[in-house]
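Encoded as structure tokens, the structure appears first; notes follow it.
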Amino acid sequence: MRIASAFTMFPDFKGVEERMIEEDIWTEELLKGAKLKKIKFPEFWQAAFRDKNAFFQRVFRETENYFKEQRKGEALPEGEEIRIFWHEHCLFCWEKFMTDMDTECFCTEDYTLWSCRDCFEKYREKLSLILLEK
Ligand SMILES: [Zn+2]
């Protein structure tokens with residue numbers, strides 16, 4: 453599946469997202485040998501919000517950029533409310549992940565590439581995916 457345009461909502465992000473769009477890198481090439489960690493929502497979000505960790509920072513930054521670009525003049529939602537503007541998709545099957553869902557998924561350490569559990573198991577061997585321990 454080609455990477456769709458979800459990332460283009462956040463033009464401030466450079467790097468992987470930009471390369472995906474500009475060079476037509478396909479999902480399998482992108483994730484070959486990727487190191488992924490297991491994420492369980494909503495617990496992962498609750499801890500992120502409590503600790504204001506890197507994942508929280510990313511959600512905050514994405515929401516901030518979204519408001520800057522698409523909702524000029526509107527006030528940024530307060531506290532935990534910012535999470536409703538964040539979601540990601542499995543790069544293989546496009547399953548959607550949100551922070552309040554009861555779901556288990558996998559992502560790279562920088563939270564840019566995501567996979568659902570089924571696709572992780574399906575492609576684990578073929579793409580030499582590495583599961584990071586906590
Ligand atoms: Zn999937």
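In terms of the numbering used here, the sequence shown opens at residue 453 and continues consecutively.
For every residue, glycine included, the Cβ atom is placed at its ideal position computed from N, Cα and C.
Could you give the distance in angstroms between the alpha-carbon of residue i and the alpha-carbon of residue j?
| i | j | result |
| --- | --- | --- |
| I534 | L528 | 8 Å |
| K492 | E516 | 24 Å |
| E495 | T551 | 8 Å |
| E532 | Q498 | 9 Å |
| K578 | L483 | 10 Å |
| A486 | I582 | 6 Å |
| K490 | K524 | 35 Å |
| K504 | E561 | 16 Å |
| F549 | D570 | 13 Å |
| F512 | E481 | 29 Å |
| E556 | S580 | 20 Å |
Assuming residue i and residue j are in contact, meaning their beta carbons sit under 8 Å apart, how far apart are those beta carbons, in whole angstroms?
| i | j | result |
| --- | --- | --- |
| F508 | F519 | In fact, because the Cβ distance is near 16 Å, the residues do not count as touching under 8 Å. |
| F558 | F572 | 5 Å |
| R510 | Y563 | 5 Å |
Helix, strand or coil for residue i, going by three-state DSSP, please let me know.
| i | result |
| --- | --- |
| C559 | strand |
| K574 | helix |
Do residue j and residue i come within 7 Å of each other at the CB atom, strictly closer than that value?
| i | j | result |
| --- | --- | --- |
| E514 | W538 | yes |
| C568 | E547 | yes |
| W566 | E540 | yes |
Can you list the alpha helix (DSSP H) stretches of 4 or more residues lying completely in the segment 490-571, in chain order? Listed in chain order, the alpha helix (DSSP H) elements of length 4 or more contained wholly in the segment 490-571 are 495-503 and 506-522.
Please enumerate, following chain order, all residues with a beta carbon closer than 7 Å to at least one heavy atom belonging to ligand 2. Ligands in the displayed structure: ligand 1; ligand 2 is not one of them.
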